[in-house]
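J.: Going left to right, the sequence shown walks through residues 858 to 1331 as this note's numbering numbers them.
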Amino acid sequence: MAPSKLTTVDFNTFTNIVNGEPRSAKNKYNGIDPTTKEKLWDVPVASKEDVEDAVKAAHEAYRKWSKKSWEERQEALDRFKDIYASYMDELTELLMKEVGKPKRLGELEIKSGLAFTDWHMKLSQPEPEQYEDDEKTVTTRFLPLGVVVAICPWNYPVTLSLGKILPAVLTGNAIIVKPSPFTPYSTLKVVEIAQQVFPPGLVQALDGDDKLGPALVTHPDIHKVSFTGESASNSPVLFTPNKPLQLGGNDPCIILPDVDIAKTAPQVALGAFLNSGQICVATKRIYIHKDIYRPFVDALISFTEQLKVGTPKGENVMLGPIQNEMQYDKVKTFFEDSKKNGYKFVAGMDNLEEGKGYFIKPAIIDNPPNDSKIVTEEPFGPIVPCQPWEDEAEVIARANDTRAGLAASVFGKDLERCERIANQIESGSVFINSFAKPGPMAIFGGMKESGIGGEWGKLGMLAYMIPQAIHRYK
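1) Going by beta carbon distance, what residues of the same chain come within less than 7 Å of Thr-1028, once the five residues before and after it are set aside?
2) For the pair the segment 1155-1175 and the segment 1268-1285, tell me if three or more CB-CB distances fall below 8 Å.
3) Pull up the distance between the alpha-carbon of Pro-1114 and that of Lys-960, whole angstroms please.
4) Measure the CB-CB distance between Ile-1022 and Ile-1032 and report whether it falls below 7 Å.
5) I need the DSSP call for Leu-808, collapsed to helix, strand or coil.
6) What are the residues that DSSP puts in a beta bridge with Pro-1001?
7) Could you tell me the alpha carbon to alpha carbon distance between Thr-1190 and Glu-1306, rounded to whole angstroms?
8) Using the beta-carbon count (16 or more within 10 Å), is Glu-992 buried or exposed?
9) Assuming Asn-1030 contacts Val-1006 under a Cβ cut-off of 8 Å, what Cβ separation, rounded to an integer in Å, is found between them?
10) I'd like the ranges of any beta strand (DSSP E) spanning at least 3 consecutive residues and lying wholly in the segment 890-960.
11) Mind checking whether Val-1252 and Tyr-1150 have CB atoms under 7 Å apart?
12) Between the segment 914-930 and the segment 1055-1069, are three or more C-beta pairs nearer than 8 Å?
13) Going straight from the alpha carbon of Ala-972 to that of Pro-1297, what length do you get?
14) Who pairs with Gly-1302 in a beta bridge, going by DSSP?
15) Span of the alpha helix (DSSP H) holding Asn-1224?
16) Assign Gly-888 to one of three DSSP states: helix, strand, or coil.
17) Taking all protein chains shown into account, do 16 or more other C-beta atoms lie within 10 angstroms of the C-beta of Phe-1096, making it buried, or fewer, making it exposed?
18) Could you compute how far the alpha carbon of Gly-1262 sits from the alpha carbon of Asp-1108?
19) My understanding is that Lys-885 touches Val-900, with C-beta atoms under 8 Å, so please give their C-beta distance in whole angstroms.
20) Could you check how far apart the C-beta atoms of Gly-1269 and Val-1116 are, in whole angstroms? I think they sit under 8 Å.
21) With which residues is Leu-1176 paired in a DSSP beta bridge?
22) Alpha helix (DSSP H) containing Thr-1044: first to last residue?
23) Going by C-alpha to C-alpha distance, which of Ile-1327, Ser-1018, Pro-1024 sits closest to Gln-982?
24) Helix, strand or coil, according to DSSP, for Thr-872 in the structure here?
25) In whole angstroms, what separates the C-alpha of Asn-1224 from that of Lys-954?
26) Give me the Cβ distance between Ile-1008 and Lys-1035, rounded to the nearest whole Å; I'm assuming they're in contact under 8 Å.
27) Return the residue from the list Phe-1202, Ser-1018, Phe-1216 that minimises the CA-CA distance to Asn-1181.
28) For a quick check, are the C-beta atoms of Ala-1264 and Val-1138 less than 7 Å apart?
29) Determine the DSSP secondary structure at Phe-1084, reduced to helix, strand or coil.
30) So, Tyr-1200 versus Ile-1222, is the Cβ gap smaller than 7 Å?
31) On the CB-based measure, 16 or more other CB atoms within 10 Å of its CB, does Tyr-988 come out buried or exposed?
32) Can you have a look at Arg-1260 and say buried or exposed, based on whether 16 or more other CB atoms are within 10 angstroms of its CB?
33) If you drop the 5 nearest sequence neighbours on each side, which residues of the same chain put their C-beta closer than 6 Å to that of Thr-1040?
34) With distances taken between CB atoms, is the gap from Ile-1231 to Pro-1242 smaller than 7 Å?
35) If you measure between the beta carbons of Asn-869 and Ala-1062, is that distance less than 7 Å?
36) By how many angstroms is the C-alpha of Phe-1192 removed from the C-alpha of Met-1206?
Below is the structure:
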């Protein structure tokens, strides 16, 4: 149960937030409920004027906010946390509507916002670095960047927007948040709630069409763009220098022969299928040692078939729909390609139901070729391949044989061997004896095409700051 309301927010009207005020627009569009394919509320399409007004307001807010002490900023985060917590039920309902998340997973996402806020309230201000010799003293200190733009994805709209807002504000910046056009509602309300605490212009939100992202990214008065989303060669974001990115992954999971199958298989299945596979760090490839390959696959099948797919309020529902039609169609191509090539489905072959909602039951492909689409590409949906392995060096090479490098996992009782393998995996995060669970306590980023830079943790916080060296000669 959420705490008593400290303010009043209308959850049936959605606007952009510019300079502390709600702002509608001449042009509007509608999100879609993925469980019914029905239209949701109107949302505004930001104009060029909205962009210019927001950037101007952000600069004015930044100049004042950056002069606040670290402690004052953390006190503001504490106040925000209380107000945010009072709207947990309403925000959960929005996630159920716009993302199609089962209620329990929606609640977990909203609670993650509290965990992120708690973490940032405990972070200490980065200490200046000192150097001294007979001639001079040099002090390197860390300053806020200025105005930040956050381009947010549709799969975890609250977690991943707060994961940008909180460090930006704590380190003295102003931020303009661009929600995903697929899931704008909860992000817009989080920013609206933030107006009760932060000064006008400090935390703003602009929702819009395909023109909005490039307008923000290329604006000369934006000092940082934090982008989380899918890599696309034609994306204007990717052609802009000095813009930190966090993109997708093709995340491997390596199963050693000594695992407890009954304990490990459910974790591996959840790592692949949680949120219907719509997680950038979801397991995309499962490599199982040949000595336990068949019993482990059987255990995966048994657990996967128990994962109930359905609407957010359905009893014991664990997996919701694919969030949008574009992604649904993309995921279907992996099923179609696997069937066309005669790959063996051991779970979920005949589960694509046309009609109401973008629902897909989880599927497992048994030992497809290394060069198959399901192995080499990221489906971002509930379908995963399993392959056997025997030689350690070979499976590491196969795990690394991808342009992506976001996350990976290794399961085994021999922890020394797990560490040895983990140290050779080319991924930004490696999880031992767990599926991928990124959190605010450690930097979250990737290698290769899975990102430039990173966020979260103490190191990620520094990405919202710029070092300045003061040289004092004696």
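In this text, a Cβ means the ideal position worked out from N, Cα and C, and glycines have one as well.
T.: So, from the data block:
1) Counted from its first residue, the sequence shown places residue 1028 at position 171. Pro-1001, Met-1318, Tyr-1321, Met-1322.
2) Between the segment 1155-1175 and the segment 1268-1285, the count of C-beta pairs closer than 8 Å stays below three; the two stretches do not touch.
3) Your numbering for residue 1114 matches position 257 in the sequence shown. Your numbering for residue 960 matches position 103 in the sequence shown. Between Pro-1114 and Lys-960, the C-alpha separation is close to 36 Å.
4) In the sequence shown, the residue the question calls residue 1022 occupies position 165. In the sequence shown, the residue the question calls residue 1032 occupies position 175. In contact: Ile-1022 and Ile-1032 (Cβ atoms closer than 7 Å).
5) One cannot answer for residue 808 here, as it falls past the ends of the chain, which runs 858 to 1331.
6) In the sequence shown, residue 1001 corresponds to position 144, counting from 1. Answer is Met-1322.
7) For the purposes of this step, residue 1190 is identified with residue 333 of the sequence shown, where counting begins at 1. For the purposes of this step, residue 1306 is identified with residue 449 of the sequence shown, where counting begins at 1. Rounded to the nearest angstrom, the gap between the Cα atoms of Thr-1190 and Glu-1306 is 22 Å.
8) In the sequence shown, counting from the first residue as 1, residue 992 sits at position 135. Counting Cβ neighbours within 10 Å, Glu-992 comes out exposed, since fewer than 16 surround it.
9) The residue labelled residue 1030 in the question sits at position 173 within the sequence shown. The residue labelled residue 1006 in the question sits at position 149 within the sequence shown. Contact flag wrong, Cβ pair sits at about 10 Å.
10) 895-901
11) Position 395 of the sequence shown, counting from 1, holds the residue named residue 1252. Position 293 of the sequence shown, counting from 1, holds the residue named residue 1150. Not a contact, by the Cβ cut-off of 7 Å.
12) Yes: the two stretches touch, three or more of their Cβ pairs being nearer than 8 Å.
13) In the sequence shown, residue 972 corresponds to position 115, counting from 1. In the sequence shown, residue 1297 corresponds to position 440, counting from 1. Whole-angstrom Cα-Cα distance: 8 Å.
14) Here residue 1302 refers to the residue found at position 445 when the sequence shown is read from its first residue. Its beta-bridge partners are Gly-1311.
15) Indexing the sequence shown from 1 puts residue 1224 at position 367. Looking at the DSSP string, Asn-1224 is not in any alpha helix (DSSP H), and its letter there is neither H nor E.
16) Indexing the sequence shown from 1 puts residue 888 at position 31. DSSP places Gly-888 in strand when its eight states are reduced to three.
17) To locate residue 1096, count along the sequence shown from 1; it is residue 239. With a pLDDT of 40 at Phe-1096, under the threshold of 50, the modelled position of this residue cannot be trusted; read the value that follows with caution. Phe-1096 comes out exposed.
18) Counting from 1 along the sequence shown, the entry for residue 1262 is found at position 405. Counting from 1 along the sequence shown, the entry for residue 1108 is found at position 251. Distance between the alpha carbons of Gly-1262 and Asp-1108 is about 7 Å.
19) Here residue 885 refers to the residue found at position 28 of the sequence shown. Here residue 900 refers to the residue found at position 43 of the sequence shown. 6 Å between Cβ atoms; contact.
20) Residue 1269 sits at position 412 when you count from the first residue of the sequence shown. Residue 1116 sits at position 259 when you count from the first residue of the sequence shown. So it is a contact: roughly 6 Å between Cβ atoms.
21) Counted from its first residue, the sequence shown places residue 1176 at position 319. Val-1166, per the DSSP bridge assignment.
22) Position 187 of the sequence shown holds residue 1044. It spans 1042-1051 - the alpha helix (DSSP H) in which Thr-1044 sits, taken as one unbroken run.
23) As a first step, residue 982 must be located in the sequence shown, where it is residue number 125. Here the closest residue by C-alpha is Pro-1024.
24) As a first step, residue 872 must be located in the sequence shown, where it is residue number 15. Note: Thr-872 maps to coil in three-state DSSP.
25) As a position in the sequence shown, residue 1224 is number 367, starting the count at 1. As a position in the sequence shown, residue 954 is number 97, starting the count at 1. C-alpha separation (whole angstroms): 37 Å.
26) Counting from 1 along the sequence shown, the entry for residue 1008 is found at position 151. Counting from 1 along the sequence shown, the entry for residue 1035 is found at position 178. Contact holds; Cβ gap of about 5 Å.
27) Counting from 1 along the sequence shown, the entry for residue 1181 is found at position 324. Of the candidates Phe-1202, Ser-1018, Phe-1216, the one whose C-alpha sits nearest the C-alpha of Asn-1181 is Phe-1216.
28) For the purposes of this step, residue 1264 is taken as residue 407 along the sequence shown, with counting starting at 1. For the purposes of this step, residue 1138 is taken as residue 281 along the sequence shown, with counting starting at 1. Taking 7 Å as the Cβ cut-off, Ala-1264 and Val-1138 qualify as a contacting pair.
29) Here residue 1084 refers to the residue found at position 227 when the sequence shown is read from its first residue. Strand.
30) Here residue 1200 is taken as the residue at index 343 of the sequence shown, counted from 1. Here residue 1222 is taken as the residue at index 365 of the sequence shown, counted from 1. Yes, the Cβ-Cβ distance between Tyr-1200 and Ile-1222 is below 7 Å.
31) For the purposes of this step, residue 988 is identified with residue 131 of the sequence shown, where counting begins at 1. It is exposed - the Cβ of Tyr-988 has fewer than 16 other Cβ atoms within 10 Å.
32) The residue given as residue 1260 occupies position 403 in the sequence shown. Answer is exposed; the Cβ neighbour count stays below 16.
33) Translated into the one-based positions of the sequence shown, residue 1040 becomes position 183. Taking Thr-1040 as the centre and dropping the five residues before and after it, the same chain places the C-beta of Glu-955, Val-956, Trp-1011, Pro-1014 closer than 6 Å to its C-beta, in chain order.
34) To locate residue 1231, count along the sequence shown from 1; it is residue 374. To locate residue 1242, count along the sequence shown from 1; it is residue 385. Yes, they are a contact pair.
35) Walking along the sequence shown from the start, residue 869 turns up at place 12. Walking along the sequence shown from the start, residue 1062 turns up at place 205. Contact: no.
36) As a working note, residue 1206 is residue 349 in the sequence shown. As a working note, residue 1192 is residue 335 in the sequence shown. Met-1206 and Phe-1192 have their C-alpha atoms some 8 Å from each other.
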